[in-house]
Amino acid sequence: MSDSGQSQQGGSPELPAKKFDTKLIHFGNEVDAATGASSVPIYQASTFHHHDIFNPPEYDYSRSGNPTRQALEDYIAVLEGGSRGLAFASGMAAISTTFMLFSAGDHLIVTEDVYGGTYRLLTNILSRMNIEATFVDMTDFAAVQAALKPNTKAVFMETPSNPTLKITDLSMIAKWAQENDLLSIVDNTFMTPYYQRPIELGVDIVLHSATKFLGGHSDVLAGLAVARNESLGNRLKYLQNGLGTVLGAQDSWLLMRGMKTLGARMAHSEISARKLADWLSRRDDIDAVFYPGLPEHPGREIQERQSTGYGAVVSFDVGSGERAKQVLSKVRLPLVAVSLGAVESILSYPAMMSHASMPQEVRHERGITDGLLRFSVGLEDIGDLIADLEQALKNS
6 MSDSGQSQQG
16 GSPELPAKKF
26 DTKLIHFGNE
36 VDAATGASSV
46 PIYQASTFHH
56 HDIFNPPEYD
66 YSRSGNPTRQ
76 ALEDYIAVLE
86 GGSRGLAFAS
96 GMAAISTTFM
106 LFSAGDHLIV
116 TEDVYGGTYR
126 LLTNILSRMN
136 IEATFVDMTD
146 FAAVQAALKP
156 NTKAVFMETP
166 SNPTLKITDL
176 SMIAKWAQEN
186 DLLSIVDNTF
196 MTPYYQRPIE
206 LGVDIVLHSA
216 TKFLGGHSDV
226 LAGLAVARNE
236 SLGNRLKYLQ
246 NGLGTVLGAQ
256 DSWLLMRGMK
266 TLGARMAHSE
276 ISARKLADWL
286 SRRDDIDAVF
296 YPGLPEHPGR
306 EIQERQSTGY
316 GAVVSFDVGS
326 GERAKQVLSK
336 VRLPLVAVSL
346 GAVESILSYP
356 AMMSHASMPQ
366 EVRHERGITD
376 GLLRFSVGLE
386 DIGDLIADLE
396 QALKNS
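Using the numbering used here, you'd call the opening residue of the sequence shown number 6 and step up by one each time.
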């Protein structure tokens, strides 16, 4: 390379590697090559004409491949730094398809306070297929090690976990998994690649409920998976096609549109979430506050080492199930709803929403109490959100 920055062949100057916010907009398919359109076209087609029957086209049937979905899959692979991305009809479709990598007799080690839908899949569905799961506190590395069995095939992590926001050391677990010939899988829904890129830390597969922060507008249901290497990506692609758990073209386009503003949304919501967590932590009528950005949060040092932020979800315990329900009935700004990660704030009650499929005694063992609320901070003014929550708490 010459001092001028141009190639020795006299080509254009090389640009420095794109930063993440730039990749969100310039991901490789942002301009349609055929027309110059500023948006990926929606190929609303189920099948594709074979101009030469002896040389099949790249796309032949939309379950197997669709140009709009392919653009999205390439997009998330760029953002996560993986080899191949796959788009699914929901976050649970992405998780379920990934678990089909395993066979009867296999054993998985799983984060104990995992999302309720994942818990239900493992305990009520995959258990019937003789795929076994051991739930452990991933913050206790000795407990993870102790859960290893001769038939263990993978370790499945959530960090921060849902809803108590426990922090797992991704590098340490991924290294241990590799040493024991295990796949390492992480649900990265809460952090998104904006704040956390597990593949760069050695993880094999990253999953997302893209319905949440990636979509960001409570208007699309989608799941994403990114594989670390080509071989693993091909195995997931085979399962995606065989199971038919694909995302449609319209939703693929809608998800890409939402992802372009991910950086701006996450940055704004995280600033507000930090203020909300700090305000809650200073109240004497709150039993506990869970947020990785609080100085006293367990695992904060690990969070700061493996992530560039703390996220936009704050969980807090108001003391009892009765009071939690009163708060839910009195707030006026946030949606009281399932889900998270939207432009509007969403206040959820895990005991009866995201973790309703988990038996009460199991929830309590994992710190998911009847008084626990989960606040996904949106783009509203944080002063308004705090004032609204204050009146709800005061009158509950």
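All residues carry an ideal CB built from backbone N, CA and C; glycine is no exception.
This structure is a prediction, so every number in the text was calculated from the model and none was measured.
Taking 7 Å as the limit between beta carbons, can you name the residues of its chain near residue i, skipping five residues before and five after?
{"i": "alanine 148", "result": "Val141, Asp142"}
{"i": "glycine 86", "result": "Arg202, Ile204, Glu205"}
So is residue i buried or exposed if we call it buried at 16+ other beta carbons inside 10 Å?
{"i": "aspartate 375", "result": "buried"}
{"i": "tyrosine 66", "result": "exposed"}
{"i": "lysine 217", "result": "buried"}
{"i": "serine 7", "result": "Residue placement at serine 7 is flagged as unreliable, the pLDDT there being 36, under the threshold of 50; a coordinate-derived value is accordingly withheld."}
{"i": "phenylalanine 104", "result": "buried"}
{"i": "asparagine 193", "result": "buried"}
{"i": "alanine 397", "result": "buried"}
{"i": "arginine 368", "result": "buried"}
{"i": "serine 214", "result": "buried"}
{"i": "glycine 110", "result": "exposed"}
{"i": "histidine 112", "result": "buried"}
{"i": "alanine 227", "result": "buried"}
{"i": "phenylalanine 380", "result": "buried"}
{"i": "proline 297", "result": "buried"}
{"i": "serine 353", "result": "buried"}
{"i": "alanine 22", "result": "exposed"}
{"i": "histidine 31", "result": "exposed"}
{"i": "aspartate 57", "result": "exposed"}
{"i": "threonine 164", "result": "buried"}
{"i": "alanine 99", "result": "buried"}
{"i": "glycine 238", "result": "buried"}
{"i": "glutamate 78", "result": "buried"}
{"i": "glutamate 275", "result": "buried"}
{"i": "glutamine 388", "result": "According to the sequence shown, residue 388 is glycine rather than glutamine. Glycine 388 should be labelled exposed."}
{"i": "isoleucine 130", "result": "exposed"}
{"i": "phenylalanine 59", "result": "exposed"}
{"i": "aspartate 386", "result": "exposed"}
What's the gap between the Cα of residue i and the Cα of residue j?
{"i": "alanine 232", "j": "tyrosine 80", "result": "13 Å"}
{"i": "methionine 271", "j": "glutamate 370", "result": "31 Å"}
{"i": "asparagine 400", "j": "methionine 177", "result": "45 Å"}
{"i": "valine 83", "j": "glycine 70", "result": "19 Å"}
{"i": "serine 257", "j": "alanine 278", "result": "29 Å"}
{"i": "glutamate 137", "j": "leucine 127", "result": "8 Å"}
{"i": "serine 320", "j": "glycine 41", "result": "45 Å"}
{"i": "serine 9", "j": "glutamine 75", "result": "Because serine 9 carries a pLDDT of 37, less than 50, the predicted location of this residue cannot be relied on, and the following value inherits that uncertainty. Whole-angstrom Cα-Cα distance: 37 Å."}
{"i": "arginine 262", "j": "lysine 154", "result": "44 Å"}
{"i": "methionine 196", "j": "leucine 219", "result": "10 Å"}
{"i": "glutamate 63", "j": "asparagine 34", "result": "17 Å"}
{"i": "aspartate 322", "j": "proline 355", "result": "11 Å"}
{"i": "serine 101", "j": "serine 223", "result": "22 Å"}
{"i": "glutamate 235", "j": "serine 334", "result": "49 Å"}
{"i": "phenylalanine 107", "j": "alanine 182", "result": "16 Å"}
{"i": "glutamine 245", "j": "alanine 38", "result": "27 Å"}
{"i": "alanine 179", "j": "alanine 159", "result": "10 Å"}
{"i": "leucine 29", "j": "lysine 265", "result": "5 Å"}
{"i": "glutamate 184", "j": "arginine 240", "result": "21 Å"}
{"i": "lysine 24", "j": "valine 211", "result": "20 Å"}
{"i": "isoleucine 307", "j": "alanine 361", "result": "30 Å"}
Using DSSP's beta-bridge definition, name the partner residues of residue i.
{"i": "serine 214", "result": "Gly228"}
{"i": "serine 381", "result": "Val318, Ile351"}
{"i": "leucine 188", "result": "Ala159"}
{"i": "isoleucine 114", "result": "Thr139, Val160"}
{"i": "leucine 340", "result": "Ile351"}
{"i": "phenylalanine 295", "result": "Ser320"}
{"i": "glycine 90", "result": "Val231"}
{"i": "tyrosine 66", "result": "Thr52"}
{"i": "valine 251", "result": "Phe93"}
Can you give me the Cβ contacts of residue i inside the same chain, cut-off strictly under 8 Å, excluding the 5 residues immediately before and after it?
{"i": "lysine 242", "result": "Arg89, Leu91"}
{"i": "proline 61", "result": "His55"}
{"i": "arginine 328", "result": "Gly376, Ser401"}
{"i": "glutamine 14", "result": "Any reading at glutamine 14 must be qualified, since the residue scores a pLDDT of 45, below 50, and its modelled position is unreliable; the value itself is stated next. Within the same chain, glutamine 14 has no close Cβ partners at all."}
{"i": "proline 303", "result": "Thr144, Lys171, Ile172"}
{"i": "valine 36", "result": "Ala42, Ser43"}
{"i": "histidine 3", "result": "No statement about residue 3 is possible, as the shown extent of the chain runs from 6 to 401 and does not include it."}
{"i": "leucine 299", "result": "Ala282, Asp283, Ser286, Arg305"}
Enumerate in chain order the residues of its own chain whose CB-to-CB distance from residue i is below 6 Å, with the five nearest sequence positions on each side excluded.
{"i": "alanine 151", "result": "none"}
{"i": "alanine 94", "result": "Thr250, Leu252"}
{"i": "glycine 122", "result": "Met97"}
{"i": "phenylalanine 295", "result": "Thr169, Leu170, Ser320"}
Tell me whether residue i, by its Cβ, gets closer than 8 Å to a heavy atom of the ligand GDP.
{"i": "glutamate 78", "result": "The ligand GDP is not part of this structure, which contains no ligands at all."}
- prompt: Below 8 Å, can you find three or more Cβ-Cβ pairs linking the region 108 to 122 to the region 160 to 172?
  reply: yes
message: Across the region 332 to 343 and the region 173 to 188, are there enough close Cβ pairs to call them in contact, namely three or more that are closer than 8 Å?
response: no
message: Between the region 291 to 304 and the region 345 to 362, can you find at least three pairs of beta-carbon atoms closer than 8 Å?
response: no
task: Decide if the region 385 to 397 is in contact with the region 307 to 323; the criterion is three or more beta carbon pairs, one per stretch, under 8 Å apart.
output: no
query: Hey, is the region 252 to 266 in contact with the region 44 to 51, meaning 3+ C-beta pairs nearer than 8 Å?
result: yes
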